[in-house]
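Each residue of the sequence shown is one higher than the last, beginning at -16 in the working numbering.
The next block holds one structure in the form of structure tokens; read it before the comments.
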Amino acid sequence: MVEPNKIIPEIVNRRSVREYKSIPVEWEKIERILEAGRLAPTAKNRQEWKVLIVNDKIVIQKMVSACADQTFIGSAPILLVAISTDDSYTMRCGIKAGNVDTSLVLENIALQAVKEGLGTCYIGAFYQKPVKELLSIPKDKTVIQILTLGYPNDKTQPRIRKDLKEFYSLNSYEE
Ligand SMILES: Cc1cc2nc3c(=O)[nH]c(=O)nc-3n(C[C@H](O)[C@H](O)[C@H](O)COP(=O)(O)O)c2cc1C
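Now the structure itself:
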């Protein structure tokens, strides 16, 4: 049995937060969060990413419909839109580097947010076209994910995970 208190606390305490207090997030916290993202590794150190910060309430409301009508998004004071600025590089493994690189940025951001007393939720249910139009993102860029960010207004319980034994196998693949 792995002792939870031996795991990095931000990893253990992160939850998807779907209700936010209507108070602004201090700029110095946002800056530290972005710095955590900037330190993420990228394939070939290409750093072909950009985080677009949305804090305009009207734009955030408009983003709700672009995100499959997930109304809780409208309660977030900030949306972080993670963009792959050049999605052309496919690694030898056949996977697009931009997807992986940008996701690593986001998880660093999500963990630093916990350290700052803030909450996040990944948003994958969104439509490229309206998001790009709303935020003036050029057509050749790819929005990888959106993260809501703000002070949590809910006490979300941890979601269940597979057992550790199911999570890994040793030396050869086992179901
Ligand atoms: C790639 C990705 C996309 C997701 N998209 C959404 C989304 O569009 N809306 C939402 O409410 N949650 C979304 N989530 C949050 C997941 O539902 C959540 O991470 C999962 O249920 C585990 O809960 P936890 O984050 O609290 O541990 C997404 C998570 C990931 C990693």
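Backbone N, C-alpha and C define an ideal beta-carbon position, used for all residues, glycine too.
Keep in mind that this is a model prediction, so the values were computed, not measured.
Look up residue i in the DSSP assignment and give the residues it is bridged to.
{"i": "G133", "result": "G102"}
{"i": "W162", "result": "The structure shown does not extend to residue 162, since the chain is modelled only from -16 through 158, so no value can be given for it."}
{"i": "L62", "result": "V37, T131"}
{"i": "K79", "result": "T73"}
{"i": "Y171", "result": "The structure shown does not extend to residue 171, since the chain spans only -16 to 158, so no value can be given for it."}
{"i": "T125", "result": "S67"}
Hey, residue i and residue j are a contact pair by Cβ (cut 8 Å); roughly how many whole angstroms apart?
{"i": "S67", "j": "K124", "result": "7 Å"}
{"i": "A80", "j": "V34", "result": "Not a contact, Cβ separation roughly 17 Å."}
{"i": "I36", "j": "T131", "result": "Incorrect: roughly 12 Å between the Cβ atoms, too far for contact."}
{"i": "L63", "j": "I43", "result": "Contact doesn't hold; Cβ gap of about 12 Å is too wide."}
{"i": "Q53", "j": "L89", "result": "Between L89 and Q53 the Cβ distance is about 17 Å, and since that is not below 8 Å, they are no contact."}
{"i": "L94", "j": "E(-7)", "result": "4 Å"}
{"i": "L117", "j": "A49", "result": "6 Å"}
{"i": "P60", "j": "G107", "result": "Not confirmed; about 21 Å, so no contact."}
{"i": "F109", "j": "A23", "result": "That pair is no contact at about 21 Å."}
{"i": "E31", "j": "D84", "result": "7 Å"}
Run the proximity test for residue i: is its beta-carbon closer than 6 Å to any non-hydrogen atom belonging to ligand 1?
{"i": "I106", "result": "yes"}
{"i": "S71", "result": "no"}
{"i": "S48", "result": "no"}
{"i": "R75", "result": "no"}
{"i": "R29", "result": "no"}
{"i": "R21", "result": "no"}
{"i": "R142", "result": "yes"}
Are there any heavy atoms of ligand 3 lying less than 6 Å away from the beta-carbon of residue i, as far as the coordinates show?
{"i": "R(-2)", "result": "Within the structure as shown, ligand 3 is missing, the only ligands being ligand 1."}
Tell me, please, whether the region -4 to 13 touches the region 128 to 142 by the rule of three or more beta-carbon pairs shorter than 8 Å.
yes
Does the contact criterion of 3 or more C-beta pairs under 8 Å hold for the region 92 to 109 versus the region 12 to 25?
yes
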